[in-house]
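Peer 1: Sharing a structure with you now.
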Ligand SMILES: [Fe+2]
Ligand SMILES: [Fe+2]
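In the working numbering, the protein residues as written are 99 to 339.
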């Protein structure tokens, strides 16, 4: 497996895997990098190059997951990256899929009322996904930021009380992704669609659903394998105080 390195040109990394574009964008890096290396682009944008490389390499290779490297990164940096990923789902990827579904229905719904099912399943999936994102943003991430602050300030009083409201154990137990609904949605299009429909729009929807699935899988791995153990360690240290 060939890993992407800091001396490689950013443009070459994108030529090697165009799916990295939205991941790179998430860091605030935009297309138009000329011949700059990844190290130079990251330095200009004020981004930790090692963290950037760990994220894009994990994204490019299913068998590679640099848990150790990621765990060396500040937990707040990781949370900030995860939040940006949530924003990407909510503001970009889901609206794109939604507009394709609207186009699919606009073209053929009159002659194919069964297509309504695609929209129905999509809306159910969207609702569950957004609830998941919201729960992490309103409960999990603020808790993690609090644990980080307490951990960074030794001798903080009432630590135990603050830790009782929530914990990484609870997060672990409750952290179920909405992948079943996504699989159902994919299957409606792949297995069961019939009658009149636009092939190009339909395949565009399926492509985006696979892309979303892959992105979420990668995101969830960071939450489960990196974030949870890092914060659990801080909780443990705080409880011993
Ligand atoms: Fe998340
Ligand atoms: Fe999650």
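Every residue gets a Cβ at the ideal spot worked out from N, C-alpha and C, and that includes glycine.
(1) Residue 276 and residue 223 - do their beta-carbons sit closer together than 8 Å?
(2) Please name the residue, chosen from 135, 176 and 285, that lies closest to residue 219 on a Cα-to-Cα basis.
(3) If you reduce the DSSP assignment to three classes, tell me which class residue 135 lands in.
(4) Please report the straight-line C-alpha distance between residue 107 and residue 291, rounded to a whole angstrom.
(5) Go through the residues and name those whose CB comes closer than 7 Å to any heavy atom of ligand 2, in chain order.
(6) Please determine whether the Cβ atom of residue 180 lies at a distance below 7 Å from any heavy atom of ligand 1.
(7) Mark residue 308 as exposed unless 16 or more other C-beta atoms lie within 10 angstroms of its C-beta, in which case mark it buried.
(8) Are the segment 294 to 309 and the segment 138 to 146 touching, with three or more C-beta to C-beta distances below 8 Å?
(9) Mind checking residue 172: buried by the 16 CB within 10 Å criterion, or exposed?
(10) Decide if the segment 126 to 140 is in contact with the segment 162 to 181; the criterion is three or more beta carbon pairs, one per stretch, under 8 Å apart.
(11) Please state whether the Cβ-Cβ distance between residue 268 and residue 336 is less than 8 Å.
(12) For residue 321, which of 235, 288, 339 and 249 has the nearest alpha-carbon?
(13) What separation, rounded to the nearest whole angstrom, lies between the Cα atoms of residue 157 and residue 189?
(14) Exposed or buried, which one is residue 282 when buried takes at least 16 other CB atoms within 10 Å?
(15) Below 8 Å on the Cβ atoms is my contact criterion, and I expect residue 195 with residue 329 to pass it. Report the Cβ-Cβ distance as a whole number of Å.
(16) Taking only runs that begin and end inside the segment 289 to 331, name each unbroken alpha helix (DSSP H) of 4 or more residues, in chain order.
(17) Going by CA-CA distance only, name the one from 105, 110, 185 and 120 that's closest to residue 148.
(18) Comparing C-alpha positions only, which one of 293, 339, 102 and 103 sits nearest to residue 213?
(19) Would you report the Cα separation of residue 204 and residue 216, rounded to the nearest angstrom?
(20) DSSP three-state label for residue 107, please.
(21) Given a cut-off of 8 Å, decide if residue 155 and residue 102 are closer than it, judged by their beta-carbon atoms.
(22) Starting from residue 200 and walking both ways along the alpha helix (DSSP H), at which residues does that stretch end?
(23) Sort 280, 116 and 316 by Cα distance to residue 184 and report the nearest one.
Peer 2: Taking the coordinates as given:
(1) The answer is yes: Cβ separation under 8 Å.
(2) Nearest option by C-alpha distance: 285.
(3) If DSSP states are grouped into helix, strand and coil, residue 135 belongs with the strands.
(4) 43 Å
(5) That query returns the following residues: 230, 234, 273, 275, 317, 318 and 321.
(6) For residue 180, the shortest C-beta to heavy atom distance toward ligand 1 is below 7 Å.
(7) Counting of Cβ neighbours within 10 angstroms places residue 308 among the exposed residues, the total staying below 16.
(8) Result no; under three Cβ-Cβ pairs closer than 8 Å.
(9) exposed
(10) no
(11) Cβ distance not < 8 Å, so residue 268 and residue 336 don't count as in contact.
(12) 235
(13) 20 Å
(14) exposed
(15) Residue 195 to residue 329, Cβ: 32 Å. No contact.
(16) Look at the segment 289 to 331 and you find these whole runs of alpha helix (DSSP H), each 4 residues long or longer: 297 to 319.
(17) 105
(18) Residue 293 is the option with its Cα nearest to residue 213.
(19) Straight-line Cα distance between these residues: approximately 13 Å.
(20) strand
(21) yes
(22) Element bounds for residue 200: 192 to 206.
(23) 316
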